[in-house]
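> Below is one structure. I have some questions about it.
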Amino acid sequence: MQPISKRMVKIAVIGLPQSGKTALTQALQALAEQGAHDVQFVEIHNSDELHGHAYEVVLQVVDSTRLEDSLLLTPHIIDEEQKIVLAIGRYDLLLQTDHSLNLTLLQQLIGVPMGLVSVKKNMGLEACLALVLREIEQKEPSAHPIYHLEGMDSDDAYRAYVHGVLTQTLKHSKHDQHQTRLERIDKVLTSPWTGFPIMIAVLYLVYWCTFTIGAYPQEWIANGIEHLTALGHANWESTWWTSVLLDGILQGVGAVLAFLPNIIILFCFISIMETSGYMAREAYLMDHIMHRVGLHGRSFLPMLMGLGCNVPAIMAARDIKNPKDRTLTMLMVPFISCSARLPVYMLFVDTFFERYKALVMVSLYAIGILIAILFAIVMKRTKWFKQESSDHVNELPEFRMPKCKRVAAHVWERAEDYLQKIGTVIVWASIIIWALQYFPQQDLSDIEHSYLAMIGQAIEPIMTPLGFDWKMSVCLLTGLPAKEAIVSTLAILYGGDLSAAGFTPLTAFGFMVFVLLYFPCFATIATLRHEAGKTWAWFTVVHSIALAWLIAMLIYQIGMLFY
């Protein structure tokens with residue numbers, strides 16, 4: 000007897016927590032074996048992904064502890080004229096807060112079938128999926144009797160609609176002490192009045208610890224490199240190959256290697272914030288502000304990733320389905336200070352801002368984020384990016400105790416990447432800088448007549464309004480392939496003594512801002528070209544250099560009025 004073929008039906012699932020994918024898959028398989036349909040679910044992240052797709056029904060998983068934010072997506076799905084089933088999750092946690100929900104009235108007001116589920120405990124999934132299959136058999140979507148927002152697409156209107164529904168169906172606790180500990184913490188961390196000061200304080204503490212704790216191993220490495228260099232000069236014959244080894248490779252690589260402990264400490268803190276769930280609170284806090292200025296709600300997540308490296312951050316923007324928002328987010332990422340810029344900042348901050356290290360570091364990251372947002376505001380008013388964004392960051396994961404194994408793996412990944420750059424890009428950059436400084440006079444002491452001086456003096460007139468001499472300008476050129484190369488170039492040219500090399504606190508700050516804003520690196524531009532296209536890659540090259548020059552010039556010229 001021939002087996003009866005089942006009809007393939009596709010279900011779009013939105014709002015599904017990461018921990019629930021396995022349980023949902025198993026429930027679908029069990030239901031498909033009993034039913035007349037071969038069920039396949041497709042996870043989506045926003046209502047834009049419903050355009051042009053033939054889904055039988057949309058299953059929206061709603062977090063009952065954040066009902067107003069979670070249900071904000073429901074009117075968007077209804078406007079797409081999609082069949083929808085709501086799965087009200089984490090209802091047990093809502094009851095723990097002494098709140099309750101009139102599910103029957105909520106279903107009548109919104110006009111869609113819904114059920115209570117616990118994805119984590121694998122409860123209620125099959126019953127909810129049965130509602131999904133029953134909805135598939137219906138020819139028309141469910142009626143929405145109280146839905147009166149036809150033709151209105153503003154977020155404020157949708158929020159007013161959801162708020163009105165919950166006013167009638169959600170019974171609040173009379174006592175704040177009935178809130179769960181997570182709710183009380185989230186209320187503080189996600190409030191604009193308390194969340195931003197806490198975020199600034201956390202960042203300040205992170206960088207203070209990075210400098211304070213990292214100062215000791217950094218000094219040990221720097222002293223070790225200096226001792227090895229002196230030992231080599233004392234025991235080896237003075238030839239060109241000893242010079243390239245000691246004055247080029249060892250000095251250049253050693254200057255970058257000295258910041259490895261700081262990199263490890265910083266990314267240890269970042270990994271703890273990410274795995275604990277605090278990073279998600281930062282994204283949530285920034286989300287509504289970004290919408291107020293016309294930016295995409297999910298754009299801040301790749302920007303956070305940019306703190307590690309701009310390349311994976313640009314690739315992470317693929318999850319933004321709207322092509323205009325996706326491209327604009329990719330163009331914003333290079334303004335975020337990646338770990339490659341960190342050694343440059345630390346070198347100058349250690350030398351010129353001894354009493355204000357953490358404050359200066361936080362200000363540099365804040366300047367990058369602020370300029371990225373201002374850049375996006377301007378671009379959103381051009382014909383290429385003008386549109387309204389509707390996607391919000393609503394899901395907040397539970398707080399978790401960071402696992403040492405996961406933190407260690409993340410830190411090792413960043414340290415390994417840093418060491419690979421030292422062993423490849425930095426070594427070759429150090430050799431090239433040494434050669435340009437050594438030839439044609441074959442004398443490191445006669446740097447004014449070297450090829451390096453010729454290159455620097457050619458571009459010096461352009462950089463003079465910024466307060467940069469030819470040596471500073473050459474350092475910026477060597478940072479094009481990788482920003483860490485700037486540190487090795489500074490070590491080769493100045494021997495590590497920046498305070499006696501013409502730098503002042505004003506030019507040092509302008510130099511750091513220039514490094515923050517100009518040409519990110521070859522790898523970032525290549526990734527941007529692949530993801531957004533050649534035109535936008537070249538646009539980034541041109542506008543980043545022009546913007547860096549303009550702002551560094553303003554810092555120097557205005558600063559000189561008071562300096």
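The sequence shown begins at 0 in numbering that gives the first Met the number 0 and counts up by one.
Beta carbons are placed, not taken as given, at the ideal position from N, Cα and C, and that holds for glycine.
Owing to the predicted nature of the structure, the values given are computational and were not obtained by experimental measurement.
Run through DSSP, which three-state label would MET302 get?
Looking at MET302 - three-state DSSP - the assignment turns out to be helix.
> Counting beta carbon pairs with one atom in the region 125-133 and one in the region 72-81, are three or more of them shorter than 8 Å?
No contact exists between the region 72-81 and the region 125-133.
> Mark ASP442 as exposed unless 16 or more other C-beta atoms lie within 10 angstroms of its C-beta, in which case mark it buried.
The residue is exposed, with fewer than 16 neighbouring Cβ atoms inside 10 Å.
> For SER336, which of helix, strand or coil comes out of DSSP?
The answer is coil: DSSP assigns SER336 none of H, G, I, E or B.
> Among ALA156, PHE195 and LYS356, which has the Cα closest to the Cα of ILE212?
It is LYS356 whose Cα lies nearest to the Cα of ILE212.
> Do ASN261 and THR168 have their C-beta atoms within less than 8 Å of each other?
For ASN261 and THR168, no; Cβs fall outside 8 Å.
> Which residues does DSSP list as the beta-bridge partners of PHE258?
PHE258 is not bridged to any residue.
> Can you give me the C-alpha to C-alpha distance between ILE430 and SER298, rounded to a whole angstrom?
Distance between the alpha carbons of ILE430 and SER298: 39 Å.
> Give the range of the beta strand (DSSP E) segment to which GLN59 is assigned.
Here the beta strand (DSSP E) through GLN59 covers 56-62.
> Taking the C-alpha atoms as reference points, what is the distance between SER69 and ALA254?
Each residue's alpha carbon lies about 50 Å from the other.
> What would DSSP say about ALA481, mapped onto helix, strand or coil?
Of the three classes helix, strand and coil, the one that applies to ALA481 here is coil, per DSSP.
> How would you call TYR215, buried or exposed, if buried means at least 16 neighbouring beta carbons within 10 angstroms?
Flag for TYR215 reads exposed.
> If we count the other Cβ atoms within 10 Å of its Cβ and call it buried at 16 or more, is PHE40 buried or exposed?
Flag for PHE40 reads buried.
> Grouping DSSP H, G and I as helix and E and B as strand, with all else coil, what is GLN441?
Looking at GLN441 - three-state DSSP - the assignment turns out to be coil, as it is neither helix nor strand.
> Taking the C-alpha atoms as reference points, what is the distance between HIS162 and LEU66?
Roughly 9 Å separates the two Cα atoms.
> Mind the definition here: the region 521-528 touches the region 304-323 only if three or more C-beta pairs lie below 8 Å; say whether that holds.
Segments in contact, yes.
> Look at the Cβ atom of PHE502, then the Cβ atom of LEU465, and state whether they are nearer than 8 Å.
No, they are not a contact pair.
> With DSSP collapsed to three states, give me the class of ILE197.
Of the three classes helix, strand and coil, the one that applies to ILE197 here is helix, per DSSP.
> For a test of the three-state rule: what should DSSP assign to GLU80, helix, strand or coil?
Note: GLU80 maps to coil in three-state DSSP.
> Would DSSP call GLY114 helix, strand or coil?
Reduced to three states, the DSSP call for GLY114 is strand.
> Compute the Euclidean distance between the alpha carbons of ILE366 and ALA229, then round it to the nearest angstrom.
Whole-angstrom Cα-Cα distance: 40 Å.
> Would the region 418-427 count as touching the region 224-243 if we require 3 or more Cβ pairs under 8 Å?
Short answer: they don't touch.
> Tell me the rounded alpha-carbon separation between ASN222 and LEU435.
Cα-Cα distance, rounded: 27 Å.
> GLU236 CB to nearest chain C CB: under 8 Å?
Going by chain labels, chain C is absent from the structure shown, which holds only one protein chain.
> Rounded to the nearest angstrom, what separates ALA452 and ALA490 at their Cα positions?
Approximately 16 Å, taken between the alpha carbons.
> Do the region 346-356 and the region 398-411 meet, that is, are 3 or more Cβ pairs less than 8 Å apart?
Contact between the region 346-356 and the region 398-411 is absent, because fewer than three Cβ pairs lie under 8 Å.
> When you compare each of TRP548, THR488, LYS533 and LYS482 to THR506 by their alpha carbons, which one comes out closest?
Cα-wise, what sits closest to THR506 is TRP548.
> What residue from HIS448, THR488, TYR555 and MET345 has the CA that sits closest to LEU363's CA?
The shortest C-alpha separation from LEU363 is found at MET345.
> Have a look at MET378 and VAL56 and give me their C-alpha separation to the nearest angstrom.
Their Cα atoms are separated by approximately 36 Å.
> By how many angstroms is the C-alpha of LEU341 removed from the C-alpha of ASP152?
In this prediction, ASP152 has a pLDDT of 49, which is less than 50 and means its spatial position is unreliable; nothing more can be read from the coordinates.
> Only counting runs of 4 or more residues, tell me where the alpha helix (DSSP H) segments fall wholly within the region 450-519, in order along the chain.
Entirely contained in the region 450-519, the alpha helix (DSSP H) runs reaching 4 residues are, in chain order, 450-462, 469-477, 483-493 and 504-516.
> Ordered along the chain, which non-local residues of its own chain (more than five positions away) have a Cβ less than 7 Å from that of MET278?
MET272 and LEU303.
> Per DSSP, which residues does ILE212 bridge with? Please list them.
In the DSSP output, where bridge partners are listed per residue, ILE212 has none listed.
> Using alpha carbons as the reference points, say which of ARG354, PHE518, HIS98 and LEU94 lies closest to THR166.
Out of ARG354, PHE518, HIS98 and LEU94, HIS98 has the C-alpha closest to the C-alpha of THR166.
> What are the partner residues of SER190, as DSSP defines its beta bridges?
SER190 pairs with nothing; no bridge assigned.
> Per DSSP, ALA86 is paired with what?
Answer by DSSP bridge pairing, in chain order: VAL60 and GLY114.
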